[in-house]
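S.K.: In the numbering used here, the protein residues as written are 342 to 431.
Virtual Cβ for every residue (Gly too), placed ideally from N, Cα, C.
Supplied in C-alpha coordinates, the structure appears directly below.
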Amino acid sequence: MLTLTPAAAGKVKELLVEEGRADIALRVAVQPGGCSGLRYAMYLDDQVTEKDASEEQHGVRIVIDKLSVPYLSQATVDFIDSLEQTGFTI
(Lines of atoms letter the chains of each structure in order from A and count residues from 1; the text may use other names and numbers.)
(Lines give C-alpha, C1' and ligand atoms only; values in the text may rest on other atoms or scores of the structure.)
Protein backbone atom coordinates (compact mmCIF):
# COMPACT_ATOMS: atom_id res chain seq x y z
CA MET A 1 0.00 0.00 0.00
CA LEU A 2 1.19 3.52 -0.65
CA THR A 3 2.26 5.94 2.08
CA LEU A 4 0.27 9.06 2.94
CA THR A 5 2.33 11.81 4.60
CA PRO A 6 0.90 13.76 7.55
CA ALA A 7 0.75 16.89 5.34
CA ALA A 8 -1.28 15.06 2.69
CA ALA A 9 -3.56 13.55 5.33
CA GLY A 10 -4.18 17.00 6.82
CA LYS A 11 -5.19 18.44 3.44
CA VAL A 12 -7.46 15.46 2.69
CA LYS A 13 -9.15 15.95 6.07
CA GLU A 14 -9.74 19.63 5.17
CA LEU A 15 -11.35 18.55 1.89
CA LEU A 16 -13.55 16.03 3.72
CA VAL A 17 -14.75 18.76 6.08
CA GLU A 18 -15.56 20.96 3.06
CA GLU A 19 -17.55 18.08 1.53
CA GLY A 20 -19.39 17.61 4.81
CA ARG A 21 -19.09 13.82 4.63
CA ALA A 22 -16.95 11.57 6.75
CA ASP A 23 -17.80 8.41 4.77
CA ILE A 24 -15.71 9.35 1.73
CA ALA A 25 -12.34 7.71 1.05
CA LEU A 26 -9.30 8.95 -0.85
CA ARG A 27 -9.03 6.85 -4.00
CA VAL A 28 -5.66 6.65 -5.74
CA ALA A 29 -5.42 4.90 -9.11
CA VAL A 30 -3.15 4.38 -12.08
CA GLN A 31 -4.78 4.98 -15.47
CA PRO A 32 -3.58 4.73 -19.08
CA GLY A 33 -2.06 7.95 -20.45
CA GLY A 34 0.85 10.30 -19.94
CA CYS A 35 4.39 10.14 -21.32
CA SER A 36 5.23 6.82 -19.69
CA GLY A 37 1.90 5.28 -20.68
CA LEU A 38 0.48 5.71 -17.17
CA ARG A 39 -0.85 8.60 -15.14
CA TYR A 40 -1.98 8.90 -11.53
CA ALA A 41 -5.50 9.82 -10.50
CA MET A 42 -6.57 10.84 -7.02
CA TYR A 43 -10.07 11.80 -5.90
CA LEU A 44 -12.60 11.47 -3.10
CA ASP A 45 -14.86 8.45 -3.57
CA ASP A 46 -17.81 6.96 -1.72
CA GLN A 47 -17.92 3.83 -3.89
CA VAL A 48 -15.69 1.22 -2.27
CA THR A 49 -16.00 -2.45 -3.26
CA GLU A 50 -14.48 -5.74 -2.16
CA LYS A 51 -12.24 -5.50 -5.24
CA ASP A 52 -10.45 -2.52 -3.66
CA ALA A 53 -7.49 -2.59 -1.29
CA SER A 54 -8.25 -0.35 1.68
CA GLU A 55 -6.20 1.03 4.56
CA GLU A 56 -6.41 3.90 7.03
CA GLN A 57 -3.43 6.20 7.55
CA HIS A 58 -3.39 9.31 9.77
CA GLY A 59 -7.18 9.12 10.05
CA VAL A 60 -7.77 9.01 6.28
CA ARG A 61 -9.22 5.96 4.53
CA ILE A 62 -7.29 5.17 1.34
CA VAL A 63 -8.63 2.86 -1.36
CA ILE A 64 -6.83 1.52 -4.41
CA ASP A 65 -8.27 -0.77 -7.06
CA LYS A 66 -6.44 -4.10 -7.13
CA LEU A 67 -5.03 -3.51 -10.63
CA SER A 68 -3.32 -0.30 -9.45
CA VAL A 69 -1.86 -1.76 -6.24
CA PRO A 70 1.40 -3.07 -7.83
CA TYR A 71 2.12 0.35 -9.37
CA LEU A 72 1.48 2.22 -6.12
CA SER A 73 2.98 -0.10 -3.51
CA GLN A 74 6.13 2.03 -3.07
CA ALA A 75 4.51 5.41 -3.80
CA THR A 76 4.17 8.30 -1.35
CA VAL A 77 1.38 10.87 -1.52
CA ASP A 78 2.45 14.26 -0.15
CA PHE A 79 0.96 17.75 -0.12
CA ILE A 80 3.26 20.64 -1.03
CA ASP A 81 2.38 24.26 -0.23
CA SER A 82 5.18 26.57 -1.35
CA LEU A 83 5.68 29.61 -3.57
CA GLU A 84 6.63 27.38 -6.50
CA GLN A 85 4.02 24.66 -6.09
CA THR A 86 0.80 23.90 -4.27
CA GLY A 87 -0.87 20.54 -4.54
CA PHE A 88 -0.59 16.82 -4.09
CA THR A 89 2.38 14.88 -5.40
CA ILE A 90 2.80 11.14 -5.89
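Under DSSP, the alpha helix (DSSP H) around residue 413 begins and ends at which residues?
M.R.: Element bounds for residue 413: 410 to 413.
S.K.: Taking Cβ positions, are residue 369 and residue 421 nearer each other than 8 Å?
M.R.: For residue 369 and residue 421, no; Cβs fall outside 8 Å.
S.K.: Hey, quick one: how far does the beta strand (DSSP E) through residue 369 stretch, first residue to last?
M.R.: Unbroken beta strand (DSSP E) run through residue 369: 366 to 373.
S.K.: If the criterion is Cβ atoms closer than 8 Å, does the pair residue 393 and residue 405 meet it?
M.R.: Taking 8 Å as the Cβ cut-off, residue 393 and residue 405 qualify as a contacting pair.
S.K.: For the alpha helix (DSSP H) that contains residue 416, what are its first and last residues?
M.R.: Careful: residue 416 lies outside any alpha helix (DSSP H) and carries neither H nor E.
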